[in-house]
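Enquirer: According to mature numbering (1 follows the signal peptide of the UniProt record, and there is no 0), the sequence shown holds residues -20 to -1, 1 to 152 in order.
Every residue gets a Cβ at the ideal spot worked out from N, C-alpha and C, and that includes glycine.
The structure follows.
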Amino acid sequence: MQMILMIGIMFISLIGKPSAITSATAVSRVTRAQLLRAILEHSRYSHDVSKRNLERVDVTYRMDCCASETHLIHPRGGLARDGKLLEIYRDHRTVQKFYQTTCRPEILNKPCPLVDHKFQHVSRCVQKYSYVYAFVRDFNVSESFRLDYIKLKSGCSCELDFTLREDIMEYR
């Protein structure tokens, strides 16, 4: 509420007396530059206006257990869901691009760094995949292009691999 009041006061100071606001012609006399100047001036003092209760401050830090990198790629081919090699459509004006998220090389297939030390020997960072639509055709085949799925790297995940012994699983 205070912020709106401050902008209103600055706006009034730009156009003159408060009674001028009631007429539509007075508002049209204010130039865009004057309005932007009033908004920018307000932003300098907006730190004085409290929008929330500052008694409690929650800070959340997010960390990936297995670090990854996201890149924009433009492949010439890909793998179908059944494992066939596909050619991705491209010409001099059209190149299909995809975002791919890969495990960082120094962490791929290594123990997960944020797992408790008791379980690090059974943990590892693994590459995850997903399927996205692309305009494709079978590789080295002169058929028309079609819309189909291709396999892309989509993230890095920590997996725990427990091997249970049969004698532990037996009921006593």
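Please classify residue 101: does DSSP put it in a helix, a strand, or coil?
Expert: The answer is helix: DSSP assigns residue 101 an H, G or I state.
Enquirer: Would you identify the three-state DSSP class for residue 40, choosing helix, strand or coil?
Expert: coil
Enquirer: Going by CA-CA distance only, name the one from 86, 119, 94 and 127 that's closest to residue 48.
Expert: Minimum Cα distance to residue 48 is reached at 86.
Enquirer: Using only the alpha-carbon positions, how far apart do residue 106 and residue 59 sit?
Expert: Those two C-alpha atoms are separated by around 19 Å.
Enquirer: DSSP state of residue 121, grouped into three classes?
Expert: coil
Enquirer: Taking 8 Å as the threshold, find out whether the region 110 to 124 comes into contact with the region 70 to 79 through three or more Cβ pairs.
Expert: Contact between the region 110 to 124 and the region 70 to 79 is present, because at least three Cβ pairs lie under 8 Å.
Enquirer: Thinking C-beta only, is residue 131 closer than 7 Å to residue 109?
Expert: In this structure, residue 109 places its C-beta atom within 7 Å of the C-beta atom of residue 131.
Enquirer: Could you compute how far the alpha carbon of residue 99 sits from the alpha carbon of residue 142?
Expert: 9 Å
Enquirer: How long is the line joining the alpha carbons of residue 64 and residue 80, rounded to whole angstroms?
Expert: 20 Å
Enquirer: With a 10 Å radius around its C-beta and 16 neighbouring C-beta atoms as the bar for buried, classify residue 52 as buried or exposed.
Expert: exposed
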